[in-house]
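Scroll down for the structure; my scribbles are underneath it.
Right, here's the structure in full:
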């Protein structure tokens, strides 16, 4: 095992404790800090001060991604490292936020080392707090990194409303976090490489005794937004045979999603319906329209494809038997999506050097690195999460794992700053 | 057949046409005029003018029931007749509103007759527009008549919030429709008898060629508000076996409600789930809490009781299999509820006199008369509805049926004003 750099560990835990107060849900260890909420704004202000106190220059881009830049070599490209500080409603304090704080401290440590040694790195250092990774308030998720990587037009993102009709632009303006220009790209700085660390959101690492997860791929997914259309009717007096109940149709799909899992090997398919919106949603009215989000996830393209076919069979059956119409109004799919081998090898070397247990793991969830890895050499890391509890106030990762993750990420950033993964 | 009183029919249809403009949904024949909405307020103002132009005094009570009073005999009790002008979201123009307009015109006609004949009736005349019968914006339904009959405390009603947190008191104040005292009762006027007419919300009268329905009972009902509790989790990464999905639990109940119907004789049981509220209702979060309204309705107590037992078996099974907790947080039940025979006989005589086809029918839905019949001799009438379409923009009743209903209700009000049904 590596010796603990006690002072730096204490510094991380002290900042982490302050950080977890923003949007804290009283009586729990969790937070509610949805994108561009007041709590998000307060935390960003505090985080900006923290970065500045370590000599970083804080800037934000047009979609509210918050950057801390430390230029060590004028004109050199940047190692970018970070994650997101926004949370789901009533969620854990680790998801995303740990990655941002670990990135900041990794950069602080590498910067201090470089200052002490007088060594000139190949790259500058930058920390990022991506805007709206969660997508709970504004859809889609991973909004900030999607705009940054050109996968989502800025104008589309800025005009996206939350459920109360407040747009992203308005919400960012309300917390003073909308910038007026890109920070990277164009004539500005360039990104040389990207690193991100996150809690696992699963329990395999904890069960296998693995401290550092080397993330080698994202599960494939097929995500649908269904619109189920029936007909408004009096829910008491209308004859059952006359009804066309959109909520019933949606309920059949929700149940079918769960039952579909049992047709495959255990663990081969995850399905979920997390969001439903019903019209008119009135006590004595048969629903005429339901919007339902429906996800399939699997590491296997074959499983996804077979599951997709079964879902379409269910859609046909429900349309016929319950006399409703079911349309796919939006669809978003990706196949199993690998992370680059060079990043995995670099992360493995660092773990070995530090004597940290490590293994390759897949991620079921998407991360901002899913966007970034298509643009720059990328390293994606996990630390364990107790019982894999995620998107829940009780999410928990032990201090020793948090600190091991910071040590490991510091090693990764150190090598990236020295030019690792950067094409000659 | 009776001869048509053409002038009075034209007068009704003219007022009916104006009336249907308030809250009209463009491009449809329907309306959106939820309780204490701006459209409800505008219609009430117009209706007050109409009543006043016929010599009625308009008053409103503390829960916003709107009354038009015509005192013909100082100190005598009142025949009260009416229904409600609020609607469900995107609903038909006939439900409730027809009853209020028919009542007003029945009273206008009886008042004109009495003025012309110089005869002194036994009772005075009053029209009522009950507040919030629908219950779509503020729960429970039949709020105005429930407060009027002492079944719901005024303070509870006034503090009831809509989904945006606006209370009944605030909403009534916003449209200037909250009175400061009771209109009937105490030292004020008394109600001698009550009459209400409504469109059927079923298709049996249309199929059987019946113009006037003599409503003899309300179906029994068991209504539940279920709370399904699961646990928030990441809806992608959490192992399926680890999930406790409250939305899945609710979907099982919705499907079970529909399937339960097929265990009984056709038409013996109606079930419905019209409203569902999900937390956190986020794209990538397994729901932790769902509130679901779940209704059973039947003319038979035995069927209701058997259905209730089956629902409880389903609740047990879903709790066990899906690892969720299901509580009944509110429950509201009533047995088959008869209307008084004296009122049925009076209505039958009037129909016979006018040569209108008539038959006894049950109502599946509750009406304000369900409250009033426990307080005063009551007559409840139906006219046919094309295809029984209800709580739908396409709800429709033919003019000839509307006019036959006004003629019939006029006959009923005439007899009630003369003292029919009133205890000596």
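Residue numbers (this note's numbering), protein chains in the order written: chain L, 97 to 520; chain G, 97 to 520. No residue lacks a Cβ here, since even glycine has one placed at the ideal position from N, Cα and C. Keep in mind the model is a prediction, meaning the values are calculated, not measured.
Beta-carbon proximity list for residue i, same chain, < 6 Å, skipping 5 on both sides
| i | result |
| --- | --- |
| residue 157 of chain L | 275, 278 and 279 |
| residue 173 of chain L | 219, 286 and 288 |
| residue 132 of chain G | 267, 268 and 271 |
| residue 499 of chain G | 105 |
| residue 418 of chain G | 344 and 345 |
| residue 99 of chain G | Confidence is the limiting factor: at residue 99 of chain G the pLDDT is only 43, short of 50, which leaves the residue's position unreliable and the question unanswerable from this model. |
| residue 350 of chain L | 369 |
| residue 512 of chain L | 175 and 289 |
Close beta carbons around residue i, own chain, < 8 Å, minus the five adjacent residues each side
| i | result |
| --- | --- |
| residue 292 of chain G | 177, 178, 179, 195, 199, 463, 464, 465, 468, 474, 475, 476 and 477 |
| residue 135 of chain G | 118, 119, 127, 128 and 129 |
| residue 430 of chain G | 314, 316 and 317 |
| residue 495 of chain G | 109 |
| residue 396 of chain G | 316, 364 and 432 |
| residue 256 of chain G | 234, 235, 239, 263 and 264 |
| residue 140 of chain G | 162, 181, 225, 271 and 273 |
C-beta neighbour in chain L for residue i, strict 7 Å
| i | result |
| --- | --- |
| residue 458 of chain G | no |
| residue 239 of chain G | no |
| residue 347 of chain G | yes |
| residue 421 of chain G | no |
| residue 180 of chain G | no |
| residue 414 of chain G | no |
| residue 97 of chain G | Bear in mind that a pLDDT of 37 at residue 97 of chain G, under 50, signals an unreliable position, so the number given afterwards is only what the model happens to contain. So, not an interface residue. |
| residue 374 of chain G | yes |
| residue 218 of chain G | no |
| residue 318 of chain G | no |
C-beta neighbour in chain G for residue i, strict 7 Å
| i | result |
| --- | --- |
| residue 400 of chain L | no |
| residue 205 of chain L | no |
| residue 310 of chain L | no |
| residue 513 of chain L | no |
| residue 599 of chain L | Because chain L in this structure spans residues 97 to 520, residue 599 of chain L falls outside the shown range and cannot be described. |
| residue 461 of chain L | yes |
| residue 354 of chain L | yes |
| residue 450 of chain L | no |
Cross-chain neighbours of residue i in chain L, by beta carbon under 9 Å
| i | result |
| --- | --- |
| residue 247 of chain G | Those within 9 Å of residue 247 of chain G in chain L number zero; the least Cβ separation is about 17 Å. |
| residue 518 of chain G | Correct list: empty, because the minimum Cβ distance to chain L is about 32 Å. |
| residue 235 of chain G | 379 |
Contact belief for residue i with residue j at Cβ below 8 Å, rounded distance in angstroms
| i | j | result |
| --- | --- | --- |
| residue 205 of chain G | residue 506 of chain G | 5 Å |
| residue 296 of chain L | residue 309 of chain L | 6 Å |
| residue 376 of chain L | residue 185 of chain G | 4 Å |
| residue 366 of chain G | residue 393 of chain G | 4 Å |
| residue 333 of chain L | residue 460 of chain G | 4 Å |
Amino acids of chain G, ordered along the chain, whose beta-carbon sits closer than 7 Å to that of residue i
| i | result |
| --- | --- |
| residue 331 of chain L | 368, 370 and 391 |
| residue 378 of chain L | 184, 185, 232, 370 and 371 |
| residue 488 of chain L | 327, 328 and 329 |
| residue 49 of chain L | Residue 49 of chain L lies beyond the stretch modelled for chain L, which goes from 97 to 520, so this question has no answer here. |
DSSP bridge partner residues for residue i (one or two, in chain order)
| i | result |
| --- | --- |
| residue 318 of chain L | L:392 and L:429 |
| residue 521 of chain G | With chain G represented from 97 up to 520, any question about residue 521 of chain G goes unanswered, as that position is not in the structure. |
| residue 166 of chain G | G:221 |
| residue 373 of chain G | G:387 |
| residue 474 of chain L | L:290 |
Other residues of its chain near residue i: CB distance less than 7 Å, five sequence neighbours each side excluded
| i | result |
| --- | --- |
| residue 428 of chain L | 319 |
| residue 301 of chain G | 309, 457, 478 and 480 |
| residue 202 of chain L | 177, 502, 505, 506 and 509 |
| residue 404 of chain L | 318 and 392 |
| residue 253 of chain L | 159, 239, 243 and 264 |
Per-residue contacts from residue i into chain B (C-beta, under 9 Å)
| i | result |
| --- | --- |
| residue 476 of chain L | No chain B appears in the structure shown, which is made up of the protein chains L and G. |
Per-residue contacts from residue i into chain L (C-beta, under 8 Å)
| i | result |
| --- | --- |
| residue 357 of chain G | 336 |
Closer than 8 Å at the beta carbon, the chain G residues around residue i
| i | result |
| --- | --- |
| residue 298 of chain L | 333, 334 and 335 |
Chain-ordered chain G contacts of residue i [CB-CB under 9 Å]
| i | result |
| --- | --- |
| residue 484 of chain L | 329, 330, 333, 334, 335 and 338 |
| residue 383 of chain L | 369, 370, 371 and 372 |
heavy atom of the ligand COA below 6 Å from residue i C-beta
| i | result |
| --- | --- |
| residue 376 of chain L | Questions concerning the ligand COA fall outside what the structure shown contains, since it holds no ligand whatsoever. |
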